[in-house]
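First the structure, in the form of structure tokens, and then the observations on it.
Protein chains in written order, with my numbering: chain A, 9 to 164; chain Z, 176 to 312.
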């Protein structure tokens, strides 16, 4: 399993636990913070479900770049950074904007919305060309092999 | 990846983007109120992200990855599979339209019936594919 997928799945597991802790706080009614119900649902559906879908699909869908590293997995890593930063910002700023009237929490909430849209956009940029038939997959591999051979000949 | 899965996964990506954009508008509205009607987007956001993104992606991936029949057609008949995609997306659209426009037609009921038909087709296509081809020791 590539590093990017492992990172997505582990981050997803943390959000899974956090979402259930939040649901517990809602059930026992001990938190004075408002807006916990939407946070619970988004940590569960975005932080856990969507995040493991992202991680597993980057790993299992055809046409994966097997090189590791930030540059080789650029769109995947950008998706991870945007999604998790966006969600963490939301988890902090949504209850805080209901408690304190300062503008900073509102700005962070808007930033969180933008980051989550960016995360989805970079994920689609990464995955859209990888939705291919077996025939397209074979042709892609053939093209890559030919390109490698050309590069090798050029270096000689 | 078979063409049915490619259609479903591409549709699910489109719904994911649409659902996230709607969610982002509502999140911005929480910070800086845009228009009172923005909250009417909530049921559409939920329908699109649950049925359009998560369910559609799961069904499309299941059609691709579950064990295939040993004889052709390896993933079952093509027409029920095409109808499965069509019914699911018609169902989502009917439910979304019902949230957007005031109408005496029970579009949400029709939408849910289409979604149910799609799920029944999915089950009928995959029931016999949930097998193991390893012989018991």
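Note that CB positions come from ideal geometry on N, CA and C, so glycine has one too.
As the structure is a computational prediction, the values presented were derived from the model and not from experiment.
In summary, residue 178 of chain Z is exposed, with fewer than 16 beta-carbon neighbours lying within 10 Å of its beta-carbon over all protein chains present. In this model, residue 108 of chain A and residue 304 of chain Z are separated by some 55 Å (Cα to Cα).
For residue 91 of chain A, the enclosing alpha helix (DSSP H) covers residues 82-107.
Counting the other Cβ atoms within 10 Å of the Cβ of residue 290 of chain Z gives 16 or more, which makes it buried. For the segment 240-257 of chain Z, residues whose beta-carbon sits nearer than 9 Å to a beta-carbon of chain A comprise 240.
The Cβ-Cβ distance between residue 118 of chain A and residue 203 of chain Z falls below 7 Å. Taking 9 Å as the Cβ-Cβ cut-off, the segment 196-219 of chain Z approaches chain A at 196, 198, 199, 200, 201, 202, 203, 205, 206 and 207, given in chain order.
In this structure the segment 44-58 of chain A lies against the segment 17-33 of chain A, because at least three pairs of beta carbons, one per stretch, are closer than 8 Å.
Only residues of its own chain outside the window of five on either side were considered, and among them 200 and 203 have a CB closer than 8 Å to the CB of residue 209 of chain Z, listed in chain order. When Cβ-Cβ separations below 7 Å define contact, residue 60 of chain A makes no contact with chain Z.
For the segment 115-135 of chain A, the beta-carbon criterion of a distance under 9 Å to any beta-carbon of chain Z is satisfied by 115, 116, 117, 118, 120, 121, 122, 124, 125, 127, 128, 129, 131, 132 and 135. Its chain contains 137, 138, 140, 145 and 148 as the residues whose beta carbon lies nearer than 8 Å to that of residue 71 of chain A, once the 5 sequence neighbours on both sides are disregarded; these appear in chain order. In this model, residue 237 of chain Z and residue 282 of chain Z are separated by some 28 Å (Cα to Cα). The straight-line gap separating the alpha-carbon atoms of residue 164 of chain A and residue 151 of chain A is approximately 20 Å. Beta-carbon to beta-carbon, residue 124 of chain A and residue 82 of chain A are separated by about 19 Å, too far to satisfy the 8 Å threshold.
Relative to the Cα of residue 135 of chain A, the nearest Cα in the group Z/188, Z/176 and Z/180 belongs to Z/188. By a beta-carbon distance limit of 8 Å, residue 90 of chain A contacts residue 126 of chain A. Their separation comes to about 4 Å. Under the 10 Å beta carbon count, residue 249 of chain Z is surrounded by fewer than 16 other beta carbons and is classified as exposed.
Listed in chain order, the alpha helix (DSSP H) runs fully inside the segment 252-295 of chain Z are 253-275, counting runs of at least 4 residues. The DSSP-derived three-state label of residue 303 of chain Z is helix. The Cβ of residue 188 of chain Z sits closer than 7 Å to at least one Cβ of chain A.
Linking residue 193 of chain Z to residue 32 of chain A through their CA atoms gives a straight-line distance of about 31 Å. The beta carbon of residue 45 of chain A lies closer than 8 Å to those of 34 in the same chain, with the five residues before and after it left out. The beta carbon of residue 235 of chain Z sits closer than 6 Å to those of 180, 183 and 184, all from its chain and outside the five residues before and after it, given in chain order.
When Cβ-Cβ separations below 7 Å define contact, residue 184 of chain Z makes contact with chain A.
Chain-ordered, the chain A residues with CB closer than 7 Å to the CB of residue 232 of chain Z read 61.
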